[in-house]
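In full-length UniProt numbering, the protein residues as written are 1 to 374.
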């Protein structure tokens with residue numbers, strides 16, 4: 001396998017361990033659908049191996065993205081070791097980016113100072129104002145986590161940590177996006193990502209109390225776009241990853257988000273024991289590619305091909321072929337697609353109606369924004 005110009009690893013140093021019990025956690029569901037639920041904590045030896053192998057595989061840029069479970073549970077010393085390991089193995093001047101996705105519970109001043117000083121990009125999970133956030137993001141004793149997360153947000157602002165707010169969209173929050181968006185604006189949170197919740201594997205899509213339905217998600221996208229577009233018109237732009245990707249696609253830029261590419265991209269998800277998987281939504285026994293400790297990238301990439309993981313995502317339903325919005329929608333994320341009768345091939349996206357509704361509504365303004373950039 002030839003060296004690559006850039007590579008991103010999604011690393012789970014604490015496996016699925018977490019200090020919250022969020023109702024909609026997709027990774028808790030994945031853990032329940034494999035033989036070994038958790039792989040413990042990643043050792044510094046495994047960390048050293050994955051950093052060295054990655055820097056040897058890449059020619060320009062390496063991104064190490066830490067997530068979970070809750071990655072901070074592995075401890076701050078682990079991340080201090082990461083910085084030293086990167087320095088030790090970076091003999092060729094590779095550009096290294098580190099990122100962290102966290103619920104914010106264990107973050108204190110020492111963490112905030114470290115994240116700032118070492119230029120981590122952080123995603124902080126916050127589902128909106130207190131009542132809405134605490135509805136799903138709870139401690140094991142069923143108490144809400146909002147107050148603690150907001151303490152972390154204030155620390156990030158104080159220490160000038162670069163961070164985005166990550167908001168999971170549920171049936172409840174989709175109806176309250178005006179208040180959520182206003183609240184984020186009041187708090188100075190101008191970098192926002194909204195992520196549709198994912199139903200468990202064994203559940204029918206849209207069947208749970210927090211589940212999104214196509215009509216609700218379509219309405220949510222239109223409402224959020226109205227507020228976001230108005231801020232842009234007023235000269236106060238707010239970063240929204242989804243909308244900005246669509247604007248970029250109108251300018252013929254490739255989307256940065258894999259769920260907007262139309263096919264699964266080459267991803268490397270590393271569990272705490274070093275086992276490797278092709279996607280964060282498929283960290284399951286049947287999709288294991290190998291182990292970073294014992295397998296080369298070439299061997300694991302061959303396993304990806306042997307499993308047909310990417311090729312299965314290339315299926316384009318007939319409805320998509322006839323749709324004017326397919327160049328923007330591209331049938332969305334594989335995990336949101338309904339499986340065909342073979343139980344393996346992804347079919348039509350369950351949010352097809354949502355996207356048709358949204359693009360019919362917002363396309364003229366998306367085009368206006370794209371033309372303003374040219």
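Virtual Cβ for every residue (Gly too), placed ideally from N, Cα, C.
What you are looking at is a predicted structure, and each value in this text was computed from that prediction instead of being measured.
Would the beta-carbon of residue 71 fall within 8 Å of that of residue 41?
No, the pair does not count as a contact, with Cβ atoms beyond the cut-off.
If you run the structure through DSSP and keep just helix, strand and coil, what is residue 70?
In the structure shown, residue 70 sits in coil (DSSP, three-state: anything other than H, G, I, E or B).
Would you be able to state if there are at least three C-beta pairs under 8 Å between the stretch 155-166 and the stretch 118-128?
They touch, by the three-pair rule.
For a quick check, are the C-beta atoms of residue 128 and residue 102 less than 8 Å apart?
Not a contact, by the Cβ cut-off of 8 Å.
Could you name the residues of the same chain whose beta carbon sits closer than 8 Å to that of residue 415, not counting the 5 residues immediately before and after it, in chain order?
Look at the range of the chain in this structure, 1 to 374, and you will see that residue 415 is not part of it.
How would you label residue 59, buried or exposed, when you count the other beta carbons within 10 angstroms and need 16 or more for buried?
By the 10 Å Cβ count, residue 59 comes out exposed.
According to DSSP, is residue 345 helix, strand or coil?
Residue 345 falls in the coil class under three-state DSSP.
Per the DSSP calculation, residue 275 is bridged to which residue(s)?
Residue 275 pairs with 291.
The ligand HEM and residue 239: does any heavy atom of the ligand fall closer than 7 Å to the residue's C-beta?
This structure simply doesn't include the ligand HEM, nor any ligand for that matter.
Quick one: what's residue 162 bridged to in DSSP?
Bridge partners of residue 162: 121.
Using only CA atoms, which one of 354, 64, 257 and 373 lies nearest to residue 222?
Residue 222 has its Cα closest to that of 354, out of 354, 64, 257 and 373.
Got a sec, what are the start and stop residues for the beta strand (DSSP E) residue 97 sits in?
Element bounds for residue 97: 95-102.
Assign residue 1 to buried or exposed, taking buried as 16 or more other Cβ atoms, counted over all protein chains shown, within 10 Å of its Cβ.
Exposed.
Please report the Cβ distance between residue 270 and residue 20, rounded to the nearest whole angstrom; I am assuming they are in contact, meaning their Cβ atoms lie under 8 Å.
So it is not a contact: roughly 22 Å between Cβ atoms.
May I have the straight-line CA-CA distance separating residue 146 from residue 89, to the nearest angstrom?
Straight-line Cα distance between these residues: approximately 39 Å.
Do residue 313 and residue 336 have their C-beta atoms within less than 8 Å of each other?
No, these two residues do not count as a Cβ contact at 8 Å.
Apply the 10 Å Cβ neighbour rule to residue 346 and answer buried if 16 or more other Cβ atoms are within range, or exposed otherwise.
Its Cβ being crowded by 16 or more others within 10 Å, residue 346 is buried.
Kindly list the residues whose CB is nearer than 6 Å to the CB of residue 279, restricted to its own chain and excluding five residues on each side of it in sequence; keep chain order.
Correct list, in chain order: 267.
So the candidates are 22, 238 and 49; which of them puts its Cα closest to the Cα of residue 138?
Answer by Cα proximity: 22.
Check whether the stretch 146-156 touches the stretch 102-119, counting contact only when three or more Cβ pairs, one atom from each stretch, lie closer than 8 Å.
The answer is yes - the stretch 102-119 touches the stretch 146-156, with three or more Cβ pairs under 8 Å.
Just grab the DSSP bridge partners of residue 169 for me.
In DSSP, residue 169 forms a bridge with 196.
Can you give the beta carbon distance from residue 118 to residue 98, rounded, assuming they're within the 8 Å contact cut?
Right, the Cβ-Cβ distance comes to about 7 Å (below 8 Å), so this counts as a contact.
Would residue 190 and residue 247 be called neighbours here (beta carbons separated by less than 8 Å)?
It is not a contact, given that the beta carbons lie outside the stated cut-off.
How about residue 83 and residue 48: do their beta carbons lie closer than 8 Å?
For residue 83 and residue 48, no; Cβs fall outside 8 Å.
What residues in its chain sit with their C-beta under 6 Å from that of residue 362, if we drop five residues either side in the sequence?
Excluding residues within five positions, the ones whose Cβ falls inside 6 Å are 225.
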